[in-house]
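Peer 1: There's a structure below that I have some questions on.
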Amino acid sequence: MTTNQVKTVGVRKKSFAQTIRFDKWKGWIYLAPALVLLLIFTIWPIYNTIRMSLLEGYTTMKDVGGATFQFGIGNFKRVLEYPGFITCLKNTILLCVLTVPISTFLALLIAVCLNAIKPLQRFLQTIFFMPYVTNSIAIGMVFAAMFNMIIGGSARPDSVGIVNNVLEFFGFEYINWINAGSEYWANIVVMVVYIVWNALPFKILILLGGLQGVNKQYYEAAKIDSTPKWRVFTRITVPLLSPMLAYVVITGFIGGFKEYSSIVGIFGESMGPVGNAYALDTMVGFIYRAIGNQEGTASAAALILFAIIFAVTMVNLYVSKKTDYTGKKSNAKKKKKAPSAAKAAKAAKPRKSINLNATVKPVIAWSIYAATLVIAIALALIFWL
Amino acid sequence: MEIVLQNLTKIFPGRGKSSEEVIAVNDFSFTLPDGKLVGLLGPSGCGKSTTLYMISGLQKPSAGKILFGEDDVTDLSPENRGVGLVFQNYALYPHMTVKQNILFPLQNLRGADKLSKKEMMERAYEAAKLVQIDELMERKPSELSGGQQQRVAIARALVKMPRVLLLDEPLSNLDARLRLQTREEIRRIQKETGITTIFVTHDQEEAMSISDLIVVMKLGVVQQIDEPQAVYDDPTNLFVAKFLGTPPINVLEGKVEGEKLYIGESAVMDVPGVADQEVIVGIRPEGFVLDANGPLTCKLSNVEVMGRDISVVSTHEKSLNPTVRSIINADNKVPATETVSYSLKPHKVFLFSKEDESRIRFEVK
């Protein structure tokens with residue numbers, strides 16, 4: 002009897018210990034599927050990209066063949082020295098700087114309008130969302146047809162897109178938007194129109210969602226206080242939407258820096274009008290082409306693009322934090338800063354200094370934002386000229 | 300400024316085909332004297348908030364007229380009415396500081412009313428001082444307590460010197476203690492500014508304590524409009540009698556025969572001038588007098604001591620409430636018997652018709 006009892010206790014103890022060990026690893030086991038996928042599809046590629054970028058003249062074929070590569074930063078040098086890279090950077094930045102503000106502003110406008118109407122709201126919402134679910138190459142081809150202008154002469158009939166038809170209707174001359182011999186600015190206009198149109202639905206969706214979440218009583222209160230419509234928009238709607246606006250701008254810039262398929266959609270893989278190939282080349286276009294036989298260079302270019310996106314996103318985040326109107330921000334920060342501002346201003350009353358701080362802060366924030374934009378445009382211009 | 304409501308009616312269309320339309324406010328006529336504080340009182344869904352929103356202009360009346368003094372404002376949009384409105388949950392702009400919130404209505408002024416920055420600041424600080432929040436001007440609403448937010452909302456409503464101040468359940472978000480304090484505050488502010496004020500509440504005590512006039516509403520229909528004490532002492536019907544007073548009025552079945560009121564078998568009171576009929580008897584808790592030989596005998600349940608007063612809880616077979624509760628002075632001794640007998644103070648006893656619950660008046664000697 003007694004031995005039996007001891008035995009059972011022993012068995013129990015062992016199983017208890019096992020349980021503990023299992024508990025310790027349980028979390029990891031649950032995480033394992035996600036971790037494995039992350040390792041294979043995210044961590045390993047990142048590691049591999051960095052490795053390839055730092056091996057001189059790396060190509061996969063030679064690597065498989067048993068060749069060894071020297072460690073160095075030659076790939077980065079080659080990317081920066083390559084004349085086409087400057088075109089890519091210029092195009093990418095130009096498209097970003099032009100399309101993000103335009104599309105954000107338009108999306109805000111459309112979202113506010115959509116939110117203001119009751120009948121047909123769902124229907125219009127669906128229509129505005131259509132571009133989002135349509136393939137961008139397909140849309141690109143439609144746009145290419147719309148902006149087309151081929152004057153056939155005697156050999157074949159003219160083929161003029163709807164845009165030029167509209168221009169003709171209003172008494173303007175045809176513009177060569179995308180065909181052989183078209184000018185750079187015309188190409189850019191087409192790209193901006195296309196990218197903005199393509200980027201609108203997602204932004205409208207986010208902003209409309211934000212608008213519908215705003216408490217209606219703020220608008221009723223504004224109405225009672227006889228606030229003009231424009232002031233309601235600038236002083237109530239926009240500030241209350243600022244988190245969504247920040248999100249839309251940040252994702253817009255990230256998407257803009259990765260612009261590629263839209264250009265392929267309109268101009269084809271030559272990424273430029275006939276006779277002027279690669280005039281509209283972008284960073285991602287450059288990377289894709291380099292992947293073919295110069296993986297080292299492609300990796301280096303990808304890392305440079307990453308650095309640019311990272312920097313721009315950081316600036317965006319900084320600005321959006323500085324201009325967050327929702328009042329949920331850390332107030333501790335504000336309180337800490339107030340006395341220092343008081344000292345700096347040598348103001349007698351703390352109330353005044355905080356006052357000063359409150360008015361100056363958004364000014365600083367917005368001027369940083371404006372400065373960034375100006376620098377970006379200036380960079381683009383320098384590259385261009 | 301005087302506010303006149305003429306046959307004000309609001310009908311909300313029914314949703315869908317099957318549901319009927321809802322008459323939120325039905326034929327409300329009332330002249331609100333200048334500079335008074337008026338409480339709109341009633342249970343939830345009685346149309347009191349709808350009335351307030353119609354006066355503010357946020358809702359359009361289905362029929363009837365609203366006049367501010369001589370001006371007909373019925374078709375005027377809220378922007379042009381010059382009213383101040385304090386919302387139930389204050390609706391302070393969360394992204395603005397207290398000062399920006401209070402300045403906001405002033406910055407909207409245009410044309411002849413346009414103020415210089417200095418004047419705006421002065422007005423804002425003046426309003427803030429009135430509600431005693433001038434120390435909190437740089438805070439955001441999220442950094443304020445409920446009571447402070449409420450004051451900011453009042454300051455924002457007052458700063459543009461409205462012709463009418465409207466308060467929608469202004470105290471419902473505050474705790475019991477703050478509620479007492481704030482309602483006195485509202486009274487003080489109203490007296491200091493002299494602005495005609497209407498406030499909505501479902502709390503009869505709140506309405507009684509600070510209003511100059513009370514409007515009691517039920518299902519969109521005005522029941523009674525009078526001074527608080529008058530409404531309490533002379534209710535027009537059973538609903539008003541029941542709605543006002545804590546503890547609530549005791550309601551019993553009775554009948555009148557030969558100008559005498561019977562509750563059960565005993566004649567409890569003379570009611571001169573009332574025809575023979577079945578009636579509902581309302582007796583205020585303070586209308587009972589302990590009297591060993593009194594005509595009204597109840598079964599004693601328990602006695603609650605409340606210091607100044609004692610509350611005697613008893614039951615009576617004719618009572619329409621579960622208990623009959625009387626409040627008597629603590630100097631009296633309740634006999635330790637199974638029953639307790641009362642005589643009644645005639646002016647605390649109200650008779651109501653059994654058919655339509657309207658008041659049947661009799662002569663009080």
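If you're matching them up, the sequences are chains B and P in order. In terms of our numbering, the first sequence has 220 at position 219, counting the first letter as 1, and numbering is strictly consecutive. In terms of our numbering, the second sequence has 360 at position 61, counting the first letter as 1, and numbering is strictly consecutive. Cβ coordinates follow ideal geometry from the N, Cα and C atoms, glycine included. This one's a predicted model, so the numbers in the text were calculated from it and none came from an experiment.
Since Tyr219 (chain B) meets chain P, which of its residues come closer than 8 Å, beta carbon to beta carbon?
Peer 2: Residues of chain P passing the Cβ test: Ala390, Tyr392.
Peer 1: Is any beta-carbon of chain B found at less than 8 Å from that of Val623 (chain P)?
Peer 2: Closer than 8 Å: no.
Peer 1: Answer yes if the stretch 128-147 of chain B comes into contact with the stretch 278-295 of chain B, meaning at least three C-beta pairs across the two stretches below 8 Å, and no otherwise.
Peer 2: These segments do not touch.
Peer 1: May I ask you to report which of helix, strand or coil DSSP gives Val458 (chain P)?
Peer 2: Residue state, collapsed to three classes: coil.
Peer 1: Quick one: which residues of the stretch 355-386 of chain P get their C-beta closer than 9 Å to a C-beta of chain B? List them in chain order.
Peer 2: Here the close residues are Ser355, Gly356, Leu357, Ser376, Pro377, Glu378, Asn379, Arg380, Gly381, Val382, Gly383, Leu384, Phe386.
Peer 1: Measuring only the C-alpha atoms, how far is Asp511 (chain P) from Ala452 (chain P)?
Peer 2: Straight-line Cα distance between these residues: approximately 22 Å.
Peer 1: How should Phe651 (chain P) be labelled, buried or exposed, when 16 other C-beta atoms within 10 angstroms of its C-beta is the threshold for buried?
Peer 2: With 16 or more Cβ atoms within 10 Å of its Cβ, Phe651 (chain P) is classed as buried.
Peer 1: Give me the subset of the stretch 225-259 of chain B whose CB atoms are less than 9 Å from a CB atom of chain P, sorted by chain position.
Peer 2: Taking 9 Å as the Cβ-Cβ cut-off against chain P, the residues of the stretch 225-259 of chain B that qualify are Ile225, Asp226, Ser227, Thr228, Pro229, Arg232, Arg236, Ile237, Pro240, Leu241, Ser243.
Peer 1: Tell me which residues share the same chain as Ser321 (chain B) and place their Cβ nearer than 6 Å to its Cβ, disregarding the 5 neighbours each side in the sequence.
Peer 2: Hits under 6 Å: Ala247.
Peer 1: Are Thr228 (chain B) and Asn407 (chain P) close, meaning C-beta to C-beta below 8 Å?
Peer 2: A contact, by the Cβ cut-off of 8 Å.
Peer 1: Mind pulling the chain B residues with CB within less than 7 Å of Pro469 (chain P)?
Peer 2: Residues of chain B passing the Cβ test: none, with the nearest at roughly 14 Å.
Peer 1: Could you work out which residues of chain B lie near Asn407 (chain P), taking near to mean beta carbons separated by less than 9 Å?
Peer 2: Under the 9 Å cutoff, chain B gives Ala223, Asp226, Ser227, Thr228, Pro229, Arg232.
Peer 1: Go through its chain and collect everything with a Cβ distance to Tyr133 (chain B)'s Cβ below 7 Å, but skip five positions before and after it.
Peer 2: Hits under 7 Å: Pro202, Phe203.
Peer 1: Candidates P:Thr350, P:Arg660, P:Ile365: which alpha carbon is nearest Asn536 (chain P)'s?
Peer 2: Of the candidates P:Thr350, P:Arg660, P:Ile365, the one whose C-alpha sits nearest the C-alpha of Asn536 (chain P) is P:Arg660.
Peer 1: Go ahead and pull the three-state DSSP assignment for Gln576 (chain P).
Peer 2: It is a strand residue.
Peer 1: Can the beta-carbon of Asn306 (chain P) be found less than 8 Å from the beta-carbon of Ala362 (chain P)?
Peer 2: Result yes, Cβ atoms of Asn306 (chain P) and Ala362 (chain P) sit closer than 8 Å.
Peer 1: DSSP has Thr614 (chain P) in a bridge; who is on the other side?
Peer 2: In the DSSP output, where bridge partners are listed per residue, Thr614 (chain P) has P:Lys598.
Peer 1: Give, in chain order, every unbroken run of the alpha helix (DSSP H) that is at least 4 residues long and sits entirely within the stretch 325-367 of chain P.
Peer 2: Correct list: 347-355.
Peer 1: Taking 8 Å as the CB-CB cut-off, is Lys617 (chain P) touching chain B?
Peer 2: It does not: the Cβ of Lys617 (chain P) has no partner Cβ on chain B nearer than 8 Å.
Peer 1: Mind listing which residues of the stretch 310-339 of chain P have their C-beta closer than 7 Å to chain B's C-betas, in chain order?
Peer 2: Listed by position, the residues of the stretch 310-339 of chain P near chain B (Cβ gap below 7 Å) amount to none.
Peer 1: Can you list, in chain order, the residues of its chain with a C-beta nearer than 8 Å to that of Lys347 (chain B)? Leave out the 5 residues immediately preceding and following it.
Peer 2: Here the model assigns Lys347 (chain B) a pLDDT of 37, short of 50, so the residue's position is not dependable and the matter cannot be decided.
Peer 1: Between the Cα of Phe173 (chain B) and those of B:Asn180, B:Ala181, B:Val164, B:Ile47, spot the shortest distance and give me the residue it belongs to.
Peer 2: Closest option to Phe173 (chain B), Cα to Cα, is B:Val164.
Peer 1: Run the CB neighbour count on Lys336 (chain B), radius 10 Å, all protein chains shown included, and call it buried at 16 or more, exposed below.
Peer 2: Legend: pLDDT at Lys336 (chain B) = 40, less than 50; position of this residue unreliable, value from coordinates given subsequently. Looking at its Cβ environment, which holds fewer than 16 other Cβ atoms inside 10 Å, Lys336 (chain B) is exposed.
Peer 1: Quick one: what's got a C-beta closer than 7 Å to Lys647 (chain P)'s C-beta in the same chain, skipping five residues either side?
Peer 2: Hits under 7 Å: Ile582, Arg583, Glu585, Gly586.
Peer 1: When you compare only the Cα positions, how much space is there between Tyr195 (chain B) and Met315 (chain B)?
Peer 2: Approximately 27 Å, taken between the alpha carbons.
Peer 1: Could you give the first and the last residue of the continuous alpha helix (DSSP H) run that contains Leu281 (chain B)?
Peer 2: Note, Leu281 (chain B): premise wrong, no alpha helix (DSSP H); not H, not E.
Peer 1: Compare the C-beta of Pro404 (chain P) against all C-beta atoms of chain B and say whether one is closer than 8 Å.
Peer 2: With 8 Å as the cut-off, Pro404 (chain P) counts as an interface residue toward chain B.
Peer 1: Hey, quick one: how far does the alpha helix (DSSP H) through Phe170 (chain B) stretch, first residue to last?
Peer 2: It spans 163-170 - the alpha helix (DSSP H) in which Phe170 (chain B) sits, taken as one unbroken run.
Peer 1: Taking C-alpha atoms, which residue in P:Lys541, P:Gly519, P:Leu518, P:Ala506 lies nearest to Asp525 (chain P)?
Peer 2: The residue with the shortest Cα to Cα distance from Asp525 (chain P) is P:Ala506.
Peer 1: Specify, as a first and last residue, the run of the beta strand (DSSP E) that Leu512 (chain P) falls within.
Peer 2: First-last of the beta strand (DSSP E) with Leu512 (chain P): 512-517.
Peer 1: Can you find a CB in chain B that lies within less than 8 Å of the CB of Lys413 (chain P)?
Peer 2: Taking Cβ atoms only, chain B never reaches closer than 8 Å to Lys413 (chain P), which makes this a no.
Peer 1: Given this structure, state the Cα-to-Cα distance separating Glu656 (chain P) from Lys541 (chain P), to the nearest angstrom.
Peer 2: So the alpha carbons of these two residues sit roughly 11 Å apart.
Peer 1: Within the same chain, show all residues whose beta-carbon is closer than 6 Å to that of Asn472 (chain P), passing over the 5 residues directly before and after it, in chain order.
Peer 2: Closer than 6 Å at Cβ, skipping near neighbours: Gly445.
Peer 1: Measuring CB to CB, does Leu339 (chain P) end up less than 8 Å from Lys347 (chain P)?
Peer 2: Yes; because the gap between Cβ atoms is below 8 Å, this pair is in contact.
Peer 1: DSSP on Lys417 (chain P), reduced to helix/strand/coil?
Peer 2: It is helical.
Peer 1: Could you name the residues of the same chain whose beta carbon sits closer than 6 Å to that of Ile310 (chain B), not counting the 5 residues immediately before and after it, in chain order?
Peer 2: Closer than 6 Å at the Cβ level, and outside the excluded window around Ile310 (chain B), lie Ile255, Phe258.
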